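Once you know that position 92 of the sequence shown is 92 in full-length UniProt numbering, the rest is easy, because the numbers rise by one and skip nothing.
Quick reminder that beta carbons are idealized off the backbone N, C-alpha and C, glycines included.
Source: prediction; values computed, not measured.
Notes follow once the structure below has been shown.
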Amino acid sequence: MLVGITAPGFVDHNKGIVVMAPNIENGWFNYDLKTEAEFLFKKPVYVINDVNAAALGEYRKGSGLVYKSGLFYWLGTGIGGAIICDGKLISGSHGFAGEFGHGGSNNHNLKCNCGLNNCIEKVCSATTIPNSLLTILKNKYSEFYNKHFSNIKDLDMKLLFEIYNNLNKPIELKNSLLEIYDELFNHISLLIHALDPEVVVIGGGGSLAGNNLLELFQLGIKNKLTDSYKDIVDFKLALLKNDAGMIGAAFYALEQSLKTN
Numbered sequence: 001m002l003v004g005i006t007a008p009g010f011v012d013h014n015k016g017i018v019v020m021a022p023n024i025e026n027g028w029f030n031y032d033l034k035t036e037a038e039f040l041f042k043k044p045v046y047v048i049n050d051v052n053a054a055a056l057g058e059y060r061k062g063s064g065l066v067y068k069s070g071l072f073y074w075l076g077t078g079i080g081g082a083i084i085c086d087g088k089l090i091s092g093s094h095g096f097a098g099e100f101g102h103g104g105s106n107n108h109n110l111k112c113n114c115g116l117n118n119c120i121e122k123v124c125s126a127t128t129i130p131n132s133l134l135t136i137l138k139n140k141y142s143e144f145y146n147k148h149f150s151n152i153k154d155l156d157m158k159l160l161f162e163i164y165n166n167l168n169k170p171i172e173l174k175n176s177l178l179e180i181y182d183e184l185f186n187h188i189s190l191l192i193h194a195l196d197p198e199v200v201v202i203g204g205g206g207s208l209a210g211n212n213l214l215e216l217f218q219l220g221i222k223n224k225l226t227d228s229y230k231d232i233v234d235f236k237l238a239l240l241k242n243d244a245g246m247i248g249a250a251f252y253a254l255e256q257s258l259k260t261n
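In structure tokens:
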């Protein structure tokens with residue numbers, strides 16, 4: 001029997017240590033999850049980053065099934081990512097590859113939980129989008145805001161895209177969302193040109209907005225790609241939802257055990 005466990009953040013999968021998971025309450029830093037779990041389960045444990053696991057799940061059983069190479073973006077509390085290239089998960093030298101939400105390469109000057117300023121997840125994660133949207137609507141489309149949003153409390157992604165759909169994708173909302181997601185579109189465009197994937201898969205809580213979100217991403221990224229890429233990269237929503245990580249963790253544990261035996 002084997003156990004596969006996922007954890008958010010910077011996970012050293014070789015040692016099973018969560019080096020940094022800043023979005024967990026109080027944070028995890030250099031937490032030896034493998035040792036702790038093996039003590040509890042009395043079984044071999046393999047630890048993998050949660051989005052890397054979800055990408056493996058989607059690649060084996062979901063949206064990535066018919067592809068050999070893909071980029072996976074998970075939009076939730078933060079922004080996670082994963083890279084599948086020629087059928088293999090690219091995890092990097094330390095297991096940290098795919099931390100798309102971090103790096104401090106943008107210009108908003110907001111402090112991220114990881115300790116850097118200017119990380120993309122501070123403006124494009126599912127938890128930050130609603131407030132950013134309300135700010136833009138107030139400043140640029142005040143009449144529209146007053147009519148449709150001024151009395152709404154606790155706006156989340158699900159409600160936001162319900163309104164977007166019910167109002168027949170109004171230009172005020174569409175333009176505001178395209179503006180908010182622009183830094184993420186730049187990131188995706190850069191990695192498409194760098195890695196030449198067959199597909200970009202969008203998952204996580206933010207993807208529950210469904211095809212309306214996918215249409216926005218395709219529209220926003222289209223003009224950031226050279227002609228060589230415009231019609232050859234597919235965009236898909238994750239299919240397995242909350243099961244993706246569990247399925248991927250199981251595959252990962254099995255594959256790692258076969259390597260060592």
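- Cβ neighbours of residue 236 within its own chain (closer than 7 angstroms, five residues either side excluded): 63, 199, 201.
- Judged by DSSP secondary structure, residue 1 falls outside any alpha helix (DSSP H); it is assigned neither H nor E.
- In this structure, residue 89 sits near residue 56, with a CB-CB distance shorter than 7 angstroms.
- For residue 245, the enclosing alpha helix (DSSP H) has its first and last residue at 243–260.
- In the assembly as shown, residue 190 is an exposed residue. Its beta-carbon has fewer than 16 other beta-carbons within 10 Å.
- Residue 176 places its beta carbon 7 angstroms or farther from that of residue 120.
- Here residue 81 carries a strand assignment [DSSP, helix/strand/coil].
- In this structure, residue 253 keeps its C-beta atom at 7 angstroms or more from the C-beta atom of residue 6.
- Membership of residue 158 in the alpha helix (DSSP H) is indicated by the continuous run 157–166.
- Distance from the CA atom of residue 78 to the CA atom of residue 99, rounded to whole angstroms, is 10 angstroms.
- Spanning the alpha carbons of residue 108 and residue 140 requires a straight line of approximately 18 angstroms.
- A direct Cα-Cα distance of roughly 14 angstroms separates residue 251 from residue 13.
- The Cβ-Cβ distance between residue 129 and residue 180 falls below 7 angstroms.
- Separation of the CB atoms of residue 54 and residue 72 is rounded to 7 angstroms, and the pair is thereby assigned contact status at 8 angstroms.
- Around residue 164, the same chain offers 173, 212 as residues with beta carbons nearer than 7 angstroms, after the five sequence neighbours per side are excluded.
- For residue 202, the pairing in a beta bridge is given by DSSP as 73, 237.
- Residue 106 is positioned such that its CB atom lies closer than 7 angstroms to that of residue 183.
- With respect to the C-alpha of residue 96, the residue from 215, 9, 203 having the closest C-alpha is 9.
- Between the C-alpha atoms of residue 132 and residue 33 there is a straight-line separation of about 35 angstroms.
- Relative to residue 160, the option among 127, 185, 25 whose CA is nearest is 127.
- A direct Cα-Cα distance of roughly 15 angstroms separates residue 224 from residue 234.
- The Cβ-Cβ distance between residue 74 and residue 220 does not fall below 7 angstroms.
- Here the C-alpha atom of residue 134 lies approximately 8 angstroms from the C-alpha atom of residue 149.
- Judged by DSSP secondary structure, residue 144 falls outside any beta strand (DSSP E) and instead within the alpha helix (DSSP H) spanning 142–148.
- About 28 angstroms separates the Cβ atoms of residue 194 and residue 157, ruling out a contact at the 8 angstroms cut-off.
- For the pair residue 192 and residue 229, the CB atoms are nearer than the 7 angstroms cut-off.
- Apart from sequence neighbours up to five positions away, the residues of its chain that approach residue 86 with a beta-carbon distance below 7 angstroms are 68, 69, ordered along the chain.
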